[in-house]
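Colleague: FYI, in the numbering used here the residues of the sequence shown are 730 to 876. From the three backbone atoms N, C-alpha and C, an ideal C-beta is built for every residue, glycine too.
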Amino acid sequence: MLNLNSSQINHVFFYGTLMRDFNLSFLSEAARHLEFVGIGHVFGTLYDCVYFPAAVLTGESRIIGEIFFIKYHSCLEIINAYEGFDLKEPGNSLFLRRCTIAHIGDSELDVWIYEYNGDTRNLRIIESGNYKDYVRVRDRMLEVIYR
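1) For Leu816, count neighbouring C-beta atoms within 10 Å of its own C-beta (all shown protein chains included) and say buried if the count is 16 or more, exposed if not.
2) Out of Pro819, Tyr801, Phe751 and Leu852, state which residue places its alpha-carbon closest to the alpha-carbon of Asp862.
3) Is DSSP giving Ser757 helix, strand or coil here?
4) Here's the rule I'm using: 16 or more other beta-carbon atoms within 10 Å means buried, otherwise exposed. How should Phe765 be labelled?
5) Use the C-beta contact count for Ser757: other C-beta atoms within 10 angstroms, 16 or more gives buried, fewer gives exposed.
6) With H, G and I counted as helix, E and B as strand and the rest as coil, what does DSSP make of Tyr811?
7) Rounded to the nearest angstrom, what separates Gly773 and Ile874 at their Cα positions?
8) Given a cut-off of 7 Å, decide if Tyr744 and Tyr860 are closer than it, judged by their beta-carbon atoms.
9) Quick one: grab the DSSP three-state call for Leu816.
10) Taking the alpha-carbon positions, what's the Ala831 to Thr787 distance?
11) Which same chain residues end up closer than 7 Å to Ile807 when comparing Cβ atoms and leaving out the 5 residues on each side of it in sequence?
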């Protein structure tokens, strides 16, 4: 089993609010230690938790996201805190940091991903697997409803 303190994995996969368009300025310290590689996908199921998405690495649907090269692994501590991942008590964490395979073009990369550690039974599946597109459509619908 891979050690979560390992620096063998040099990429991280973001599929939700950590993607670039969401502009979370308080994560700017971590962002300085990451370099955008490209858009890719992993296999699993993506759920809507209202304020954020939740990926579960079971299922054969594509989850679309952004792949970043990790220049300094210390930035993972900041991301762990944001994701509610406690390395000492993973069972009590909102998300778990796991290693999986991301696909980008014709290549595959080992990446860190934050997998949801909660109950998904009452969550809506994001069928497209693309949180950015899902949020755009949802927000447009809300604008129409609340005009």
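Modeller: Let's see:
1) exposed
2) Phe751
3) helix
4) exposed
5) exposed
6) helix
7) 32 Å
8) yes
9) coil
10) 14 Å
11) Leu756, Glu758 and Ala759
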